[in-house]
Each structure stands twice: as structure tokens, then as C-alpha cells.
Amino acid sequence: MPSDVRTLVNGFAKNSLQARREGLYFKEKDYKCVRADDYSLYAKNENTGVVVVKTNLYLLVATYTEGMYPSVCVEATEKLGEYLRRKGN
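Numbering (the numbering used here), first residue to last: 92 to 180.
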């Protein structure tokens, strides 16, 4: 398993407080974890960020960069995750 994927999987294995405290290292950047729960991890680094949503079969990973709206990234990723969970994926 590639190290970036392992990092994301481990983020869900931790309790949410620990994930928020430790942050996330992804794609050679340190991110501050701003949300962690059973299905979602949100992390940011200055003007960029990563949104990870877990379904039964997949980890959906979306990123945003400077000039993009983080809320749009979150909404799109969460809606896709919700759709896949409803379908049993």
C-alpha cells in the first residue's frame, strides 16, 4: 500500500481527537486536521486542503488549491460519498 494511502487509512483508525491533534502528512505536506469523524477527514495547509470521505469500499480523496472554495470541494466529495454508501459501496 502506498504511504499516502496508508496515512489516510491510519487517519480513520485513530480516534478523532488524536487525528485532529496530530494532523495529516499527505503528498509531502503537513496538514492541520480541522475535522475528523467516522466518515470524513478534512485537513488544510495555508490555502490548500484535502478532503477524505470513507465509504464501505472506497476512500474518496479530493483536494483544493488557492483560489478554489473549500466548501465546494467538501460538498461535492461528501455528496458522492453519501451516494456510494447508499448504494452499498
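For each residue, glycine too, the CB sits at the ideal point set by N, CA and C.
Treat the numbers as computed from the prediction; the structure is a model and nothing was measured.
Query raised in the report: Mapping DSSP to helix, strand and coil, what is T146?
Result: Within the sequence shown, the letter at position 55 stands for residue 146. DSSP places T146 in coil when its eight states are reduced to three.
Requested in this report: Would you tell me roughly how many angstroms separate the C-alpha atoms of K105 and A167, rounded to the nearest one?
Outcome: Numbered from 1 along the sequence shown, position 14 holds the residue referred to as residue 105. Numbered from 1 along the sequence shown, position 76 holds the residue referred to as residue 167. Spanning the two alpha carbons is a distance of roughly 25 Å.
Report task. Output the boundary residues of the beta strand (DSSP E) element that contains N136. Result -> Here residue 136 is taken as the residue at index 45 of the sequence shown, counted from 1. Its beta strand (DSSP E) spans residues S131 to N136.
**Report entry** Reduced DSSP secondary structure (H/G/I, E/B, other) of D121
**Finding:** Residue 121 sits at position 30 when you count from the first residue of the sequence shown. In this structure, D121 counts as strand in the three-state DSSP scheme.
Query raised in the report: Can you give the Cα-Cα distance for Y122 and L115, rounded to whole angstroms?
Result: Numbered from 1 along the sequence shown, position 31 holds the residue referred to as residue 122. Numbered from 1 along the sequence shown, position 24 holds the residue referred to as residue 115. Answer to the nearest angstrom: the Cα atoms are 5 Å apart.
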